[in-house]
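What follows is one structure encoded as structure tokens, with my remarks underneath.
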Amino acid sequence: MKKSAFIILFVLSAAVWAYFTLTAPARQKLVLTGSSTVAPLAAEIGRLFESQYPGVRIDVQTGGSSRGVKDARMELADIGMASRTLKATESDLLSFTIALDGISIILNRDNPITALNKQQIIDIYTGKIVNWQAVGGSKAPITVVNKAEGHSTLELFLHYLGLKNTQVKPQVVIGDNQQGIKTVAGNINAIGYVSIGAAEYEAMHGTAIKLLPLNGIPASVKNVQNQSFPLSRPLNLITKKQPTGIIKAFIDFARSPEVNPIIEAQYFVPVAN
Amino acid sequence: MFLSQTDKHLSLWLRLCTLISATILALIIMFLLAESWPLLKHGVLTQFISDESWHPAQRLYNILPMLSATLLSTLGALTLATPLGIASAMFNRYYAPSFLASGYRRIIELMAGIPSVVYGLWGLTTLAPVINLWHPPGVSLLCAILVLAMMILPTIALTADSALGAIPVVFHQTAAALALSRWGTIRHVLLPLAKSSIGAGIMLATGRAIGETMAVLMVAGNVVQQPDSLFDSVRTLTANIALEMAYAMGDHRAALFVSGLALMLMIILLAGLAEINKRSS
Amino acid sequence: MLKNRLATLLIWLSVILISAVFVVLVLDLVRHGWAGLSLAYLVDAPLDAGRGGGIGPIMVSTGLILALTISVAAPLSLATAVFLTEFSSKNSVFSGVIKRSLDVLASVPSIVFGLFGNAFFCVYLGLGFSILSGGLTLACMVLPILIRTFSEGLRAAPDEYRLAAAALGLNRAAALRHFLLPTATPALIAGLMLAIGRAIAETAALIFTSGYVDRMPDSLMDSGRALSIHIYDLSMNVAGGDSHANSAALILISLLFMINTLSSKLAYHWMHKRITCL
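Protein chains in written order, with this note's numbering: chain W, 4 to 276; chain S, 64 to 344; chain H, 38 to 315.
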């Protein structure tokens, strides 16, 4: 009795398998891997692209900029995604900027501090300043939130401060943007840094965080757009060879004004006019 | 044993399937070894315990702080979940009116099924801010222990429940005849009888606690350090893999597979302990 | 007497504590996720990185991964369990080694299954990020759970059945089909449900195997996002994804609740049927 149930189950799943493999239209697949910051944006652009090119399927896998670069170089992916410029050691690859993003320092909304200068930020992140009192805040220990190694947000932030990761003395290490935002929103004495787009969205929708200005320039998508904000980065698509065919079509599409509403909906800054 | 022709065929097929099932563990260990080989082949195993810190970008691969974080969080969670889990089982079997017992058992079963992501999310947004009021930074060894305890409690409770349920009625009757109190019966007659099955359940829960990834990643704080107190943030071996795997290349990736090997070693030791527990009963 | 009272008090207190934590957790989920729930949410495709739309394709991917997991793991586990309980003697070295290796496999961390699945199925066998890779990885993961519950179910069948079957001149295959497997059915179903529950809640093993693509899969070779990964991504990577993360979590828990209820009902039903048959 049980055996027949198993046989039915088996035949059923075989049928499902056959259905899916046989009826699958011979669609051309375009694989993108890399930065978790770019991934949601690329997936949305991919959706629109598919509606115009019904014969193509865009697969987006997340994983971080380093992986995007590696996969593009080894041609494991058709296109890599990276939320930074290519390094000198990566000059064998081609990059195409589809949008801009900034990195903002965030504090809890109820923290009385309204601005920090660069030296203060460095001292906080290296553990020379451990109490908010030292920078004019309330008497409370600082919770320093840092990113895990490999994230380009971390590389960019440390580069801006001129620090090595071994010098940073964090109390909390996080993975993706939202974990940072949730950590700071739940801890009045925390300081962290995340993508401006995500931070601005959350701050506007009532999450208990605020964005700190850098060098007196308010952290906002607008100031990234007019390039006055000092800590900004390009979101890039990366290929090994000069793109042709459908790859070229996708990259051109992602850089066209047609996708600007999508880019703005994900709180990034479009580059196409 | 005597086998007919049909049975011989069947036996052969079954043996083959059994072999496939057993090969999986060997395959896993083989792949872990192969992927960590680029680092292991240098033959300096001591670097994983003697390097200054864990900074893979600077080729520093000390996994000792993460090993102790895994051990501490597991031990802490067990200390909390074991008495609570056994108490739950005793409640179901001996204290609760029957309608309450079935309702409570359903709650425990559901707790067992809640995905770790949900526990992690709840820990990060509800539990960590509360701990932070008491002592910053909130996400900490303590938070990890509390969340882990909630996650492994059902395993202990359900296995203890079925272990207590399997005790023959004769023992209850004898205890009643001896006019032992309810607690006296449980403490001196029933618990000793169920000891080894409850022990097996605790081992199972230990395995889950060591291996839990996503929830711990969200609530433990993830700083690689030897914690001085319960309020310090720590990173477990599993969280380390999940946090850095997607970004790792070359030796860094190999070092993460070494973390995986270390986890396997702990699990094998645990299985050995479970075996001793089984033999001694 | 004092000890007796104290014990009663402590036990009630711990039960109240645990129930309270559970109620708070579920209420939190309902409070944040209830608004987003609707029939359309179950069938629509996600929009705007999951902030809008529904989880239709994700439900399909999750279903496919589960179906694959069970259809690979169940027959293999049943065969192994039958071999270990019915066809090997208690102290044979072969079955001893296999039992130990399965014990270890049962507590291998899911993230290690993820590493293995990625290295073996995705890269070595060249299956890539696909529902196939994810399903096979989960099959490896639930295998020891299934074998354990299946073996226990078979072992619980009274020896009289085996003796009676032998006395009737039935071979072992027939005894298995007509006596042992029907007797063990409730345990088999309970095991299956346990495995499905474990697989449906899994995140760590799937992130590196079945991948992140949130659209309707065309074939098993396509990458498909599982429900638990969707929850993780919405809460950790998408600004403003929290309410939908909570809705998805509510759906996942309701699914588990249904599976749980179904399994206990089924087990009861089969048990009942078997007893009246005899």
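Think of the CB as a built atom: it goes at the ideal place given N, C-alpha and C, for glycine as much as any other residue.
- Counted as a single uninterrupted DSSP element, the beta strand (DSSP E) harbouring W/Tyr196 occupies residues Ala193 to Ser198.
- For the set S/Leu135, S/Met213 and S/Tyr182, the Cα lying nearest the Cα of S/Val297 is the one of S/Leu135.
- By the Cβ neighbour-count rule, S/Val321 is buried, with 16 or more other Cβ atoms within 10 Å of its own.
- S/Phe234 sits exposed, since fewer than 16 C-beta atoms from the chains shown fall within 10 Å of its C-beta.
- The Cβ of S/Cys80 sits closer than 7 Å to at least one Cβ of chain H.
- H/Gly133 and H/Thr122 have their alpha carbons spaced roughly 12 Å apart.
- Looking from the CA of S/Leu143, the closest CA among S/Ile92, S/Ala120, S/Tyr182 and S/Leu211 belongs to S/Leu211.
- Uninterrupted alpha helix (DSSP H) stretches at least 4 residues long and entirely within the region 243 to 293 of chain H occur at 264 to 273, given in chain order.
- S/Thr69 has a beta carbon lying within less than 7 Å of a beta carbon in chain H.
- Using a Cβ-Cβ cut-off of 8 Å, S/Val181 is close to nothing in chain W; its nearest Cβ partner there is about 14 Å away.
- By DSSP's assignment, W/Ala85 forms a beta bridge with W/Asn239.
- For H/Val97, the enclosing alpha helix (DSSP H) stretches over residues Gly93 to Val119.
- Residues of the region 178 to 211 of chain W with a Cβ closer than 9 Å to any Cβ of chain S, in chain order: Gly178, Gln182, Lys185, Thr186, Ala188, Gly189, Asn190, Ile191, Asn192 and Ala193.
- S/Met174 counts as buried, since at least 16 other C-beta atoms from the protein chains shown sit within 10 angstroms of its C-beta.
- Counting only unbroken stretches of 4 or more residues, the alpha helix (DSSP H) elements lying wholly within the region 109 to 177 of chain W are 121 to 128 and 155 to 164, in sequence order.
- Beta-bridge pairing by DSSP links W/Pro273 to W/Ala102.
- Fully enclosed alpha helix (DSSP H) runs of no fewer than 4 residues occupy 161 to 176, 179 to 185, 191 to 197 and 204 to 228 of the region 159 to 236 of chain S, in order along the chain.
- Taking 4 residues as the minimum length, the alpha helix (DSSP H) runs contained wholly in the region 103 to 143 of chain S are 110 to 113, in order along the chain.
- For the region 227 to 259 of chain S, the residues whose beta carbon sits under 9 Å from a beta carbon of chain H are, in order, Ser244, Arg245, Trp246, Gly247, Ile249 and Arg250.
- Under the Cβ criterion (8 Å, minimum of three pairs), the region 196 to 215 of chain H does not count as touching the region 267 to 275 of chain H.
- Note that the C-beta distance between W/Gly67 and S/Tyr310 is below 7 Å.
- Where H/Arg68 is concerned, the enclosing alpha helix (DSSP H) starts and stops at Leu39 to Gly70.
- In terms of CA proximity to W/Asp62, W/Ala45 leads the group W/Ala102, W/Ala45 and W/Val72.
- Between the region 115 to 134 of chain W and the region 206 to 225 of chain W, the count of C-beta pairs closer than 8 Å reaches three or more; the two stretches touch.
- Secondary structure of H/Gly133 (DSSP, three-state): helix.
- Around the beta carbon of H/Tyr269, 16 or more other beta carbons lie within 10 angstroms, which makes this residue buried.
- In chain order, Ala151 place their CB closer than 6 Å to the CB of W/Gly178, counting only its own chain and leaving out the 5 sequence neighbours on each side.
- Three or more beta-carbon pairs drawn from the region 248 to 255 of chain H and the region 80 to 91 of chain H are found closer than 8 Å, and the two stretches are therefore classed as touching.
- Taking all protein chains in view, the Cβ of H/Glu239 is crowded by 16 or more other Cβ atoms within 10 Å, so the residue is classified as buried.
- Per the coordinates, the alpha-carbon of H/Ala104 lies some 10 Å from the alpha-carbon of H/Val97.
- Around the beta carbon of H/Arg68, fewer than 16 other beta carbons lie within 10 angstroms, which makes this residue exposed.
- Annotation for S/Leu332: the continuous alpha helix (DSSP H) segment containing it runs Gly313 to Ser343.
- In the DSSP assignment, W/Gln55 falls outside any beta strand (DSSP E) and within the unbroken alpha helix (DSSP H) covering Ala42 to Gln55.
- Cα atoms of H/Ile107 and H/Ser147: separation of roughly 17 Å, rounded to the nearest angstrom.
- Sequence-ordered contacts of the region 179 to 199 of chain H with chain S read Leu180 and Ile184 [C-beta pairs closer than 7 Å].
- Neighbourhood of H/Met273 in chain W, by CB distance below 7 Å: Gly178, Asp179, Gln181 and Gln182, in chain order.
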